[in-house]
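Going by the numbering used here, the first residue of the sequence shown is number -7, and it counts up by one from there.
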Amino acid sequence: MNHLANILLISVLIAVASAFSVQTPLNGVSNGSGMTMRARECDLLGKRPNRQARVVTFSHTRNKKVQHVNLQTKKFFSEDLGRNVKLRLSTKGLKTVEKYGGIDAAAKKFGVDLKNF
């Protein structure tokens, strides 16, 4: 009887431990829906938010604020890969792609691997 109680106690402890364990995402930060959160950063140029900006009020108190990058999600057709590539680019990144004549040339210039997108 004592042996059966020990086995039952161990199985209950294992079930409780697995039910309340913390699952960590494999890559990046997870928001619970299975999607991974990405940083607000341009995929081509690497532009990031300016976190050193200040707002100066009428009474001259300085408050911190974040100046975010103007990110746009856009699909480009990559001739090297033969498929569409979905990127989050800043508006300057969009102009850069236009300047170089396509996403393949711009990615080659800035060393971005389009296979990851």
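We put the CB at the ideal spot given by N, CA and C, even for glycine.
Predicted model only: the values in this text are computed from it and were never measured.
Between the options, which lies nearest to residue i when the distance is taken from Cα to Cα?
{"i": "residue 71", "options": "59, 80 and 93", "result": "93"}
{"i": "residue 39", "options": "28, 50, 51 and 59", "result": "59"}
{"i": "residue 112", "options": "43, 34 and 44", "result": "Outside the shown range of the chain (-7 to 109) lies residue 112, about which nothing can therefore be said."}
{"i": "residue 77", "options": "109, 32, -2 and 41", "result": "109"}
{"i": "residue 105", "options": "1, 69, -5 and 36", "result": "36"}
What are the residues that DSSP puts in a beta bridge with residue i?
{"i": "residue 78", "result": "67"}
For residue i, which residues in the same chain have their Cβ closer than 6 Å to its Cβ, ignoring the five residues on either side in sequence?
{"i": "residue 57", "result": "45 and 47"}
So what does DSSP say about residue i, is it helix, strand or coil?
{"i": "residue 4", "result": "helix"}
{"i": "residue 86", "result": "helix"}
For a minimum of 3 consecutive residues, which ranges assigned as the beta strand (DSSP E) are wholly contained in the segment 30 to 59?
42 to 48 and 54 to 59
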